[in-house]
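So the protein lines, in turn, are chains A and B.
Oh and the first sequence: position 684 is 684 in my numbering, straight run, nothing missing.
Quick note: to get my numbering, add 1000 to the position in the second sequence (first position is 1).
All C-beta atoms in this analysis are idealised placements derived from N, C-alpha and C, irrespective of residue type, glycine included.
Owing to the predicted nature of the structure, the values given are computational and were not obtained by experimental measurement.
Beneath this line is the structure, given in structure tokens, with notes to follow.
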Amino acid sequence: MNAIPATNVRENGTASIKLTINGKEVVAKKGATVLEAALNAGIYIPTLCYDPDLKPYGGCRLCVVEIEGMRGLVSSCTTPVTNGMVVYTETPKVNQSRRITMELITVNHHGDCLVCAKNQDCELLKVARYLGMEQNHVDRLRKNTQVFPVDDSHPAFIRDLNKCILCAKCVRACHEIVCHDAIDIAFRGNSAKVATFGDKPIAESICKSCGECVVRCPTGALVPKWEKTPTQEVKTICPYCGVGCSIYLGVRDNKIVSVRGDSESPVNRGTLCVKGRWGYDFVSHTERLTTPLIRIPGVPRDAGQNMKTHDVFREAGWDEAIELVAKRLRDFVSNGVGVIASAKCTNEENYVMQKFARAVLATNNVDHCARLCHAPTVAGLVQSFGSGAMTNSINDIGDAACILAIGTNTTENHPVLGYRIARAVNNGGKLIVANPYEIELCRFASIWLQHSPGTDVALLMGMMRVIVDEGLLDSAFIRERCENFDAFGESLKDFDLDFVERITKVPQSKIVEAARMFATNSPAAILYAMGITQHSHGTDNVLATANLAMLTGNVGKPSTGVNPLRGQNNVQGACDMGALPNVYPGYQAVNDSAIQKKFEAAWGCSLSPSPGLTLVDMIEAAYCKDLKALYVIGENPVLSDADAHHVRGALAKLEFLVVQDIFLSETAKFADVVLPAASFAEKDGTFTNTERRVQRIRKAIEPIGDSKPDWWIICQVAQRLGAKGFDYTHPFTIMEEIRNLTPSYGGISYQRLENGGLQWPCPTDGHLGTPILHTNIFVRGRGRFAPLKYIPPGEMPDEDYPLILTTGRSLYHFHTGTMTRKVDVLNVLKPDGVLEINPGDAEQLGITEGDKVKVSSRRGEVTTRARITEALPPGVVFMTFHFAESSANILTNPELDPISKIPEFKVAAVRVEKI
Amino acid sequence: MVNPSIGQNVQVGVTNQEAAIQKRLNEILHSYKGSQDELIPILQQVQQVFGYLPELAMKKLAKFLKLPESTVFGVGTFYAQFKLLPTGRNIIRVCRGTACHVRGSAQILAEIGKQLGISAGETTPDLEYSLETIACFGSCALAPVVVANNKVHGRMTVTKVGEIFNKEAQ
Chain A
1 MNAIPATNVR ENGTASIKLT INGKEVVAKK GATVLEAALN AGIYIPTLCY DPDLKPYGGC
61 RLCVVEIEGM RGLVSSCTTP VTNGMVVYTE TPKVNQSRRI TMELITVNHH GDCLVCAKNQ
121 DCELLKVARY LGMEQNHVDR LRKNTQVFPV DDSHPAFIRD LNKCILCAKC VRACHEIVCH
181 DAIDIAFRGN SAKVATFGDK PIAESICKSC GECVVRCPTG ALVPKWEKTP TQEVKTICPY
241 CGVGCSIYLG VRDNKIVSVR GDSESPVNRG TLCVKGRWGY DFVSHTERLT TPLIRIPGVP
301 RDAGQNMKTH DVFREAGWDE AIELVAKRLR DFVSNGVGVI ASAKCTNEEN YVMQKFARAV
361 LATNNVDHCA RLCHAPTVAG LVQSFGSGAM TNSINDIGDA ACILAIGTNT TENHPVLGYR
421 IARAVNNGGK LIVANPYEIE LCRFASIWLQ HSPGTDVALL MGMMRVIVDE GLLDSAFIRE
481 RCENFDAFGE SLKDFDLDFV ERITKVPQSK IVEAARMFAT NSPAAILYAM GITQHSHGTD
541 NVLATANLAM LTGNVGKPST GVNPLRGQNN VQGACDMGAL PNVYPGYQAV NDSAIQKKFE
601 AAWGCSLSPS PGLTLVDMIE AAYCKDLKAL YVIGENPVLS DADAHHVRGA LAKLEFLVVQ
661 DIFLSETAKF ADVVLPAASF AEKDGTFTNT ERRVQRIRKA IEPIGDSKPD WWIICQVAQR
721 LGAKGFDYTH PFTIMEEIRN LTPSYGGISY QRLENGGLQW PCPTDGHLGT PILHTNIFVR
781 GRGRFAPLKY IPPGEMPDED YPLILTTGRS LYHFHTGTMT RKVDVLNVLK PDGVLEINPG
841 DAEQLGITEG DKVKVSSRRG EVTTRARITE ALPPGVVFMT FHFAESSANI LTNPELDPIS
901 KIPEFKVAAV RVEKI
Chain B
1001 MVNPSIGQNV QVGVTNQEAA IQKRLNEILH SYKGSQDELI PILQQVQQVF GYLPELAMKK
1061 LAKFLKLPES TVFGVGTFYA QFKLLPTGRN IIRVCRGTAC HVRGSAQILA EIGKQLGISA
1121 GETTPDLEYS LETIACFGSC ALAPVVVANN KVHGRMTVTK VGEIFNKEAQ
């Protein structure tokens, strides 16, 4: 029998307090509770409601102790230590009380331990074993206890309240950690239970399925449906969004059977979201590509979508496929070829891809989906600050006195970061939400600015006008660290509040209130995502956020800054690695001759000094037949790019298309050769998250079928084309080459990453990384204010297309759904896409909830079902772009931001009809 | 634009009922500031106006007070004074305290239940009567006691039960 059950203990405070527990002198930190002091000193006290991540609760009454000078028994989990305190944890009085309490708790716990999924991990069992109970006491008390139906409604976990002991860990985790507030203790006395609003099944509640309650439940009341006990665990990084949560994958028989958050990680501190917790079925999915595929001669490119795979492709061996790819690509070297790299692949792989494009295919035509999400960020923030990355760290957002969340539905798209924002508010911080959609964060916001889509510049400039007019600006910061303020100040004159109110539809009083709140609460941070960037003036929007941060002196300090939230797990890394047409790794310009010489020397070849085509330009060039061959790795432009019909047309015109992916995506169906890649769980490498943190991913299972890591495949093709310098043996050797050529990654090595991630710039081996950019001086020297004008969106509603369509993402799916739509849990929680519409608009159009509707724009039409919601203002409808069968990007406007070349995904004029 | 269909009329009907709740709730909320310690007074007024706590009203007042819906539900279910379902226009309470019990309150409860066709804790489908039990009304000298709409009927017998309804009907 184990002597002492292991318990995690919270560490806090610094100063030492001396006390005596059971005659033993114990030193504890100031602010610690008696329970924590005892557990740290190796003295066991039974408890069922203590959790180091949660506030002290004092609910289970098992941790009672005797303390000299205090009356009666006190709960040690709610009593702070004081100097000279004398504590007894094992007196007869204490033990009698605990035993009675335990009997009362047990009475409400029905179940058979042998068939309970919790079994030996059950905290209740451990405590029962420690305290001992009398059978006849329990039997006598049990007569009147309630029996609840088991709640089986959720696809990922079972909720059996008959095993619940009301420790409220689930309720507290839901309120304190993830702030979803889906459950609470309801009813009273003998009837008390954990309930959703209206006591409905959990699947019908507002539960976001993050599973934080499930991992904390001490009994079998909340248990995962599919998890098995793993034989080994591998520490790696979640493959979904740019937050980059650290996870442990549990592996058994070459399958992922469990997942848990890494509580040591400064990024997620153990928490996960619904995708990170339950979203791994795709790895071993039966539809994974397991062998190279070659298009059967004569099958037209655009005919593959609705045909069976074996009618379009035949299976081939690696040797044949690589030979074919090399042979065909040879014709297009330096002549109409492009590479689309992947924000889902590792840094090492993106490095190899851009090296392959530049050194082997002799072109700078290399880009990836950052073009479609944060190209304006890179363009805009480089212009303002000198670096296009998030200025601050995830970890310090929680300490901001004020957060402006503009154009980010953080709780849906970066959920774990969303928890931080909600917690900051619960700890007294102010939150300003600017979003046309009433997102979940509005519930926490002090002010919600519901501006019209595409009017961000007007809104932000209006706020800045108030700050300047009322003298709330940080003049010292502007004088000492910035430039071009006068020109900017001049441009503010256009933005009087009457004008701003008319454009944005936000009342002046709210703009004034928000401006004052942001300027007077320091430190203040700006967070944004694609609501800022995906516009035909996306770069202007980014410049406006940078102006606001500089104007109020909120750059270069903890809990401040301009923080673009990157969408994909490694979109930051793919940019860092130079999977962009104008820069080598580390944003070193291709048209800088010194840089060019450096890379020519390193790679042993001559390189082109002229920037290549962007992703959008490549598609356009393919449409005009100027680009003849395309190599697409882990991207799905058929669903992800604006004006999807045009993209399909362009792909159909290519002479040669290679797609390398883990599934036969909509894009892969156009390909001549499909190469099966290994997933994140099947390879080593590094991802760089949104806060510039480079983190190791580790191989957990062997590649599925005959799939291979992307770096290996590219190297094979390169070598077959006769290239040198592609004989890497392991991603480790690639990283060594990267750090030699990329100053900001100079100090990042696999050896150092074993001890946790490093935030670039990290130029040397001894450098500790850079949590905050621009601390003493901006990367470009002085921060540059940008004068701005209001430019309306490219397409505004008119008589034919009277509504504005804005697109976005759902919590339950990721990007084009290639991965998440292969996950049962996520498909049950969010089976299909809908058109969200305001009740007023719906009534006018005769549309009721669930009606089938046709949505059309100047580019095309899709059919989907209507969901009526008050979260949208009249005149605006919303769709997500995850679903191939109702692909929102058939409708979106390909009009580009002139600087960053991002299409205007966020505003398109559409018509909605009931069918 | 589009001709109204039957389905639409149903939808409009539902919306009207919701709109009515919303309207009366707004009248209640009008006199509050929106601070979270106003939760119980607001719930009391909602209970008084509607006779129960409609789900829609709880959701809307949660938003008004910036409180989680689950918290409002937790509070609303904790206190016996709040009901989750509509209660009858007349509330019949049968005392089940010790003195009433020994003088036959179980039989009286059964008889009232039989006449109304409901059990304790339920409401008649026409929302005319709700039947409740109370632990002790404190009028043991009058046992067994039945309280109908705050009117006390002492020394109740099974044969006198009908009188309660006759009086209520008047």
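Check, Outcome
"Three-state secondary structure (DSSP) of A/PHE883", "coil"
"Pairwise C-alpha distance: A/VAL214 and B/GLY1076", "26 Å"
"Contact belief for A/VAL834 with A/ALA866 at Cβ below 8 Å, rounded distance in angstroms", "7 Å"
"A/ILE105 beta carbon less than 9 Å from that of A/LEU62", "yes"
"Which of helix, strand or coil DSSP assigns to A/LYS901", "coil"
"Within chain B, partners of A/ALA195 - CB distance below 8 Å", "SER1070, PHE1073, GLY1074 and THR1077"
"Residues near A/LYS255 by beta carbon distance below 6 Å, same chain, minus five either side", "SER284"
"Listed by chain order, chain A residues near B/GLU1055 by CB distance under 7 Å", "GLY198"
"C-beta atoms of A/LYS128 and A/VAL81 nearer than 9 Å", "Note that residue 128 of chain A is Ala in the sequence shown, not Lys. Contact: no."
"Separation of A/ILE713 from A/LYS235, as counted between CA atoms", "25 Å"
"Three-way DSSP call (helix, strand, coil) for A/SER593 in this model", "helix"
"Any chain A beta carbon closer than 9 Å to B/MET1058", "yes"
"Residues bridged to A/TRP448 [DSSP beta-bridge criterion]", "A/VAL433"
"Stretch pair the region 244-252 of chain A + the region 686-699 of chain A: three plus CB contacts closer than 8 Å", "yes"
"Chain B residues whose Cβ lies nearer than 9 Å to that of A/PHE187", "GLY1074, THR1077 and PHE1078"
"Span of the beta strand (DSSP E), counted from its first residue to its last, around A/THR688", "685-688"
"Local conformation of A/LEU654 per DSSP, three classes", "coil"
"9 Å Cβ cut-off: residues of chain B touching A/ILE595", "What A/ILE595 touches in chain B: nothing, since even the nearest Cβ is about 53 Å away."
"Proximity test, Cβ basis, 9 Å: B/LYS1066 and chain A", "yes"
"Cα-Cα separation, A/ALA405 to A/PRO903", "22 Å"
"Per-residue DSSP class, three states only, for A/HIS645", "helix"
"First through last residue of the beta strand (DSSP E) which encompasses A/ASN563", "562-564"
"Same chain only: Cβ atoms within 6 Å of A/VAL333, ignoring 5 sequence neighbours per side", "LEU361 and ALA362"
"Sheet register partners of A/ALA16 (DSSP bridge)", "Note that residue 16 of chain A corresponds to Ser in the displayed sequence, not to Ala. Answer by DSSP bridge pairing, in chain order: A/LYS29."
"A/LEU768 burial status per 10 Å Cβ neighbour count (16 or more: buried)", "exposed"
"Nonlocal neighbours in the same chain, by C-beta distance under 6 Å from A/ASP672, ignoring five residues either side", "ARG295, PHE656 and LEU657"
"A/ARG739: contacting residues in chain B (beta-carbon distance under 8 Å)", "Per Cβ cutoff of 8 Å: no residues; A/ARG739 is ~48 Å from chain B at best."
"Chain A contact for B/LYS1114 (CB, 9 Å cutoff)", "no"
"Sub-9 Å separation of A/ASN554 and A/ILE511 beta-carbons", "no"
"Chain-ordered neighbours of A/ALA182 on chain B, where CB pairs are closer than 7 Å", "SER1070"
"Backbone secondary structure at A/GLY298 - three-state DSSP", "coil"
"Other residues of its chain near A/LEU896: CB distance less than 7 Å, five sequence neighbours each side excluded", "SER536, VAL616, ILE902 and PRO903"
"Neighbour list for A/THR911 in chain B, Cβ cutoff strictly below 9 Å", "It should be noted that the sequence gives Arg, not Thr, for residue 911 of chain A. Those within 9 Å of A/ARG911 in chain B number zero; the least Cβ separation is about 12 Å."
"Contact belief for A/PHE778 with A/ASN484 at Cβ below 8 Å, rounded distance in angstroms", "Actually they do not touch by this definition, with Cβ atoms about 12 Å apart."
"Neighbouring residues, chain B, relative to A/ARG720 (Cβ below 7 Å)", "Chain B residues near A/ARG720: none, gap ~60 Å exceeds 7 Å."
"Nonlocal neighbours in the same chain, by C-beta distance under 6 Å from B/GLN1170, ignoring five residues either side", "Here the model assigns B/GLN1170 a pLDDT of 43, short of 50, so the residue's position is not dependable, and the following value carries that caveat. Here the set comprises nothing."
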